[in-house]
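2 protein chains.
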Amino acid sequence: MTSQSPIERFYAVIPAGGVGSRLWPLSRASAPKFLHDLTGSGQTLLQDTWDRLTPLSAGRIMVVTGDIHSHAVSEQLPELQSKDVILEPSPKDSTAAIALAAAVLLKREPDVIIGSFAADHVITDDAKFQAAVREAVEVAATGKIVTIGLQPTEASVAFGYIHTGERLESETACQVREFVEKPNIKLARKYVDSGEYLWNAGMFIAPARLLLDVLSRTQPSLYAGVMELAQAWDGPDRNRVLAQVWPRLTQIAIDYSIAEPAAADGLVAVVPGKFEWHDVGDFAAIAELQSQGRKGNLAVLGHGKVLADSSSGILVSDTNRLVALIGLEDVIVVDTPDALLVTTKEHAQKVKSLVDVLKQSGHSELL
Amino acid sequence: MTSQSPIERFYAVIPAGGVGSRLWPLSRASAPKFLHDLTGSGQTLLQDTWDRLTPLSAGRIMVVTGDIHSHAVSEQLPELQSKDVILEPSPKDSTAAIALAAAVLLKREPDVIIGSFAADHVITDDAKFQAAVREAVEVAATGKIVTIGLQPTEASVAFGYIHTGERLESETACQVREFVEKPNIKLARKYVDSGEYLWNAGMFIAPARLLLDVLSRTQPSLYAGVMELAQAWDGPDRNRVLAQVWPRLTQIAIDYSIAEPAAADGLVAVVPGKFEWHDVGDFAAIAELQSQGRKGNLAVLGHGKVLADSSSGILVSDTNRLVALIGLEDVIVVDTPDALLVTTKEHAQKVKSLVDVLKQSGHSELL
């Protein structure tokens, strides 16, 4: 047993991965979504995430990101210490990223409670977010994997849902019955009407030991791999072991490897989040976020000059060019030095297939 | 009297002026419409005009253009001789440009018949155009100012019309009763239905002496100015006289100074042109021209890479960037190194007011 309070044991982990194909040509393999200011806050999503977590963990924040983003991440987060950076040689999905962070931190602090928060989400009320995490950390200390579920504001088909069970001995937390996949619209309405479902935002707070225990049962070889890596991490053999072990790690999302099996075993709790949360997956979502529901607005992100007449939607300017828009409704214009995208909010999801076409046609320099 | 046949006396004049504001940001003060390939022919409009006139005049072609276009024009027309270039210190509208060319040529060749043809029109059947000019030159030699009028293909409100009178002793030429301004749609239909009206394409073929005679009566001071300039043109005093006289020349369109008054005096004839003729005034017109009436096509002008999904309209690419378009109907995208325009065919005419806004807001570097 430890004498520390739960929040003193807390260590935030930011898995900063994912390209964000639907945000091409702004988001690239070399400069993914989390490295951009998509809210007009003057900071990137990664910096916003860092700032949101700092008060909770007193700066105890680990970032797991791709090798190639090492420089950009260090530049954007000057307070990030090198011991708190895990650089992945290649993308291996969320379980490898979070479990390695958990295993490395566990070796350093046997009682550590980790919380994993994506680098590319938008949350507009930091205080409410922090309150939810604080409660989640308390509940985690009782031996639970705790997620933060968002109160649905509409019957969205874009998110997975969390089916809540009985209330726990905590301010607002409940047991989790199960995680369910993204529903169709009919099912989504049923979920929301029932009042028993929350949106799954993919945030997990748990004792590192518990997370890894579950993983050892569900994915023994992946577990063995991250434990071998963690064993070598703070010593001279890190790179040798990394080169050996990393390529063979199973690629699986943490939802399947840990969250769902743990829920089936009654090990998962949820704290309802009452803050605004956005998974800014495409430019339509960014436009919505920027316009805050106001119709007929043209949102502008970036530093370019703009001249707009009778136009609405979003302009993302990553160049110094003048952009002139006339008579376009719900348009999406993304202007970057080597690629220009013009589409509409209605077609925002199609950007991903365009990126696939670019891949297939060998335009990797633009990805 | 001369022993030369009329066509041997012919000298073509190309007034190459006008910015083409409605074609911004492709067309600029520094690189106006006529210096661009707007048809995808691989040549600029000026080069197309030159090639169309060369067989008629055996290379006797004079170009009147702005000082600042001197270099570009010489580059585009390597066969243009320096004696055949008139550089205007500032724009003074069409009468000054054409009358000065007429006066300079008249001093060199007292029997010269000049024909003036805009540098920025698109004509798709050179043989029919040349046949019309040949007839016009023959009629001009009888002491007429001859225009070439286009057989209307629709009740357009975008052009002025020519009211034809009795047939002349020539293959197809008629007397001109009068030139009429751009009509409203009702009047345009009446004109077209009557069979008596042709579109005014602003082409004038006439003995230089006759043109200047008319001008001496309608605009005596402008006439005196161009005659003074012509007197000095081929001698050592050209620049001194130009600096003195040019700034004071009256700015007036040749339609008002010569064509309309001459028609009232019964001095104007018209040869009906049966070729396709386009005054590519805006991007919608270019899109129409490119798509040749096919619906749902995306026309592409320029050398950029394009990836289009369910899009129609026109993309003009003046950069090397990839341009990706998704789900846009009748869109106009003009991509240049320092400015990007996105609009629709419906709003193509509004580009001019946008250029006005740029002027007023001091963005002259983009004009």
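In the order they appear, the protein sequences are chains A and B. If you use my numbering, the first sequence corresponds to residues 8 to 374, in order. If you use my numbering, the second sequence corresponds to residues 8 to 374, in order. Ideal placement from N, C-alpha and C gives every residue a C-beta, glycine not left out. All values reported here derive from a predicted model rather than from experimental measurement.
Residue i - DSSP class collapsed to helix/strand/coil
{"i": "residue 173 of chain B", "result": "strand"}
{"i": "residue 287 of chain A", "result": "coil"}
{"i": "residue 242 of chain A", "result": "coil"}
{"i": "residue 117 of chain A", "result": "coil"}
{"i": "residue 152 of chain A", "result": "strand"}
{"i": "residue 342 of chain B", "result": "strand"}
{"i": "residue 208 of chain B", "result": "strand"}
{"i": "residue 224 of chain A", "result": "helix"}
{"i": "residue 164 of chain A", "result": "coil"}
{"i": "residue 184 of chain A", "result": "strand"}
{"i": "residue 157 of chain A", "result": "strand"}
{"i": "residue 259 of chain A", "result": "coil"}
{"i": "residue 31 of chain A", "result": "coil"}
{"i": "residue 44 of chain B", "result": "coil"}
{"i": "residue 299 of chain B", "result": "coil"}
{"i": "residue 13 of chain B", "result": "helix"}
{"i": "residue 232 of chain B", "result": "helix"}
Beta-carbon spacing of residue i, residue j below 8 Å
{"i": "residue 27 of chain B", "j": "residue 34 of chain B", "result": "yes"}
{"i": "residue 124 of chain B", "j": "residue 210 of chain B", "result": "yes"}
{"i": "residue 297 of chain A", "j": "residue 333 of chain A", "result": "no"}
{"i": "residue 316 of chain B", "j": "residue 357 of chain A", "result": "yes"}
{"i": "residue 129 of chain A", "j": "residue 370 of chain A", "result": "no"}
{"i": "residue 293 of chain A", "j": "residue 60 of chain A", "result": "no"}
{"i": "residue 325 of chain A", "j": "residue 337 of chain A", "result": "no"}
{"i": "residue 309 of chain B", "j": "residue 287 of chain B", "result": "no"}
{"i": "residue 233 of chain A", "j": "residue 106 of chain A", "result": "yes"}
{"i": "residue 121 of chain B", "j": "residue 108 of chain B", "result": "yes"}
{"i": "residue 236 of chain B", "j": "residue 248 of chain B", "result": "yes"}
{"i": "residue 361 of chain A", "j": "residue 329 of chain B", "result": "no"}
{"i": "residue 178 of chain A", "j": "residue 142 of chain A", "result": "yes"}
{"i": "residue 162 of chain B", "j": "residue 199 of chain B", "result": "yes"}
{"i": "residue 352 of chain A", "j": "residue 339 of chain A", "result": "yes"}
{"i": "residue 87 of chain A", "j": "residue 140 of chain A", "result": "no"}
{"i": "residue 29 of chain B", "j": "residue 289 of chain B", "result": "yes"}
{"i": "residue 274 of chain B", "j": "residue 350 of chain A", "result": "no"}
{"i": "residue 144 of chain A", "j": "residue 14 of chain A", "result": "yes"}
{"i": "residue 51 of chain B", "j": "residue 21 of chain B", "result": "no"}
{"i": "residue 291 of chain B", "j": "residue 331 of chain B", "result": "no"}
{"i": "residue 81 of chain A", "j": "residue 94 of chain A", "result": "no"}
Paired residues, beta bridge with residue i - DSSP
{"i": "residue 312 of chain B", "result": "B:329"}
{"i": "residue 23 of chain A", "result": "A:72"}
{"i": "residue 122 of chain A", "result": "A:19 and A:212"}
{"i": "residue 82 of chain B", "result": "Paired residues: none, contrary to the question."}
{"i": "residue 276 of chain A", "result": "A:153 and A:182"}
{"i": "residue 95 of chain A", "result": "A:73"}
{"i": "residue 306 of chain B", "result": "B:321"}
{"i": "residue 350 of chain B", "result": "B:339"}
{"i": "residue 129 of chain B", "result": "B:285"}
Beta-carbon contacts of residue i that lie in its chain and below 7 Å, excluding the five residues immediately before and after
{"i": "residue 169 of chain B", "result": "154, 156, 183, 186, 204, 205, 207 and 277"}
{"i": "residue 164 of chain B", "result": "189, 190, 191, 192 and 195"}
{"i": "residue 98 of chain A", "result": "24 and 73"}
{"i": "residue 47 of chain A", "result": "297 and 308"}
{"i": "residue 91 of chain A", "result": "68, 69 and 70"}
Same chain, Cβ closer than 8 Å to residue i, neighbours up to 5 away in sequence not counted
{"i": "residue 135 of chain A", "result": "280, 281 and 282"}
{"i": "residue 113 of chain B", "result": "119, 215, 216, 219 and 237"}
Same chain, Cβ closer than 6 Å to residue i, five either side skipped, listed in chain order
{"i": "residue 54 of chain B", "result": "83"}
{"i": "residue 347 of chain B", "result": "none"}
{"i": "residue 245 of chain B", "result": "239"}
{"i": "residue 159 of chain B", "result": "199 and 206"}
{"i": "residue 180 of chain A", "result": "146, 276 and 278"}
{"i": "residue 31 of chain B", "result": "358 and 362"}
Does the pairing of the segment 250 to 257 of chain B with the segment 301 to 317 of chain B give three or more beta-carbon distances under 8 Å?
No, the segment 250 to 257 of chain B does not touch the segment 301 to 317 of chain B.
For the segment 213 to 222 of chain B against the segment 190 to 205 of chain B, do three or more pairs of beta-carbon atoms, one drawn from each stretch, fall closer than 8 Å, so that the two count as touching?
Not touching, per the Cβ criterion.
Does the segment 171 to 182 of chain B come within contact of the segment 224 to 235 of chain B, defined as at least 3 CB pairs closer than 8 Å?
At 8 Å Cβ cutoff, the stretches do not touch.
With contact counted as at least three CB pairs below 8 Å, one residue from each stretch, are the segment 260 to 273 of chain B and the segment 84 to 102 of chain B in contact?
The count of Cβ pairs closer than 8 Å, one atom from the segment 260 to 273 of chain B and one from the segment 84 to 102 of chain B, reaches three, so the stretches are in contact.
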